[in-house]
Amino acid sequence: MKIATWNINGVRARIENAVAWVREAQPDIVGLQEIKTVDEGFPAAAFEDLGYNVAVHGQKGFNGVALLSKLPFDEVNRGLPGDSTDEQARFIEGVFSVPSGALRVVSLYLPNGNPIGTEKFAYKLAWMERLRRWAAERLLTEEPLVMGGDYNVIPEPRDAKDPSLWTGDALFQPESRQALRAIENLGFTEALRATTDEGGLYTFWDYQAGAWQKNNGIRIDYLLLSPRAADRLVSVGIDKHVRAWEKPSDHVPVFVELAL
DNA sequence: ATGGTTGGCACCCAA
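Counted the way the working numbering counts, the first sequence spans residues 7 to 266.
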């Protein structure tokens with residue numbers, strides 16, 4: 007079972023890339039982030055034609071997440087619990103039937119939080135605490151859970167080409183990194199770090215200042231695995247080559263292979 | 001080099 011996450015930065019502007027990558031990678035389940043459209047604007051037919059079921063949690067202009075799945079959805083949950091006033095579409099959960107039972111897959115778009123010292127940074131940290139509480143509750147099910155997404159947190163210095171560029175950025179604040187560790191410490195395995203200690207593995211390169219050409223990247227997209235999912239981990243990959251395509255997203259897909 | 005690029009939308013905002 008191949009499960010992927012990809013911040014696509016506008017699914018309508020990126021539909022040709024998206025279809026090309028799905029055809030090439032043949033993932034079973036994909037979480038998309040920053041689709042930047044309402045539900046009705048999502049190009050579902052393009053993915054249905056490739057054999058996928060589609061679940062969308064959209065928003066006008068900004069944010070928005072979706073799940074594509076070759077398996078039928080048994081259940082879909084939209085929105086991160088914990089704040090009924092939050093109108094930002096950043097979280098969707100799908101439940102699927104696999105031979106071993108239920109599989110839960112999340113597509114999340116964690117708030118960027120810049121600039122620090124503003125309500126945006128406070129919202130980021132509050133959102134992360136909500137995610138921690140939600141995840142703690144889900145772990146009680148002892149089912150395989152895969153939380154993939156754009157976490158907007160650089161976990162460690164080795165996850166940036168030049169960490170000094172990010173010292174004042176919300177993505178690399180001690181509070182952001184600590185909040186990420188608090189989620190992982192519930193018992194999650196960050197898939198890529200379960201397989202390698204290598205630095206220099208990035209998932210995002212800014213459009214500006216020739217970041218891609220200079221390989222000035224950061225690793226902010228990953229998949230957290232519950233213990234039952236981590237037990238089944240076979241491999242992890244980053245589809246870096248997609249960043250070199252015409253009209254690319256500034257993020258690339260990340261995927262895990264699980265033996266479920 | 002405190003720069004510059006993109007998507008969505010409607011004039012700048014978010015990233």
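Backbone N, C-alpha and C define an ideal beta-carbon position, used for all residues, glycine too. Note that the structure is predicted; figures quoted are calculated from it, not measured.
Taking the alpha-carbon positions, what's the residue i to residue j distance?
i	j	result
S182	A176	7 Å
R2	D156	The structure shown has nothing for residue 2, since the chain only spans 7 to 266.
I41	E99	16 Å
K167	P259	19 Å
L198	P161	12 Å
V101	R234	15 Å
D212	D165	15 Å
N191	S241	22 Å
E30	W140	34 Å
Whose C-alpha, out of the options, is nearest the C-alpha of residue i?
i	options	result
T11	L229, D256 and A197	L229
E267	P169, K8 and R20	The structure shown does not extend to residue 267, since the chain is modelled only from 7 through 266, so no value can be given for it.
L74	E93, I224, K66 and V111	V111
N221	D256, A200, S232 and V71	D256
G243	R234, P233, F68 and R225	R225
A185	T201, L56, N158 and G154	N158
T209	K246, V262, P150 and A24	K246
Q32	K76, R139 and L207	K76
D80	A215, V240, P163 and G107	G107
A26	W172, L131, L56 and N13	L56
Q179	G216, P78 and K130	K130
E93	F68, S103 and P78	F68
Strictly by DSSP, which residues pair up with residue i?
i	result
V28	Paired residue(s): none; V28 is not in a bridge.
R84	I98
L229	G154
K8	E263
W211	G223
A166	I224
Could you round the C-beta distance between residue i and residue j to whole angstroms and report it? I think they count as a contact, below 8 Å.
i	j	result
S113	Q39	6 Å
G70	T91	With 8 Å as the limit, G70 and T91 do not qualify as a contact, their Cβ atoms being about 19 Å apart.
P150	S232	6 Å
A95	H63	5 Å
L116	M134	7 Å
A217	G223	7 Å
Touching or not, the stretch 82-94 and the stretch 118-126, by the rule of three or more beta carbon pairs under 8 Å?
no
So does the stretch 48-62 actually touch the stretch 17-32, counting three or more Cβ pairs closer than 8 Å?
yes
Is there contact between the stretch 195-209 and the stretch 139-147, where contact requires at least three CB pairs shorter than 8 Å?
no
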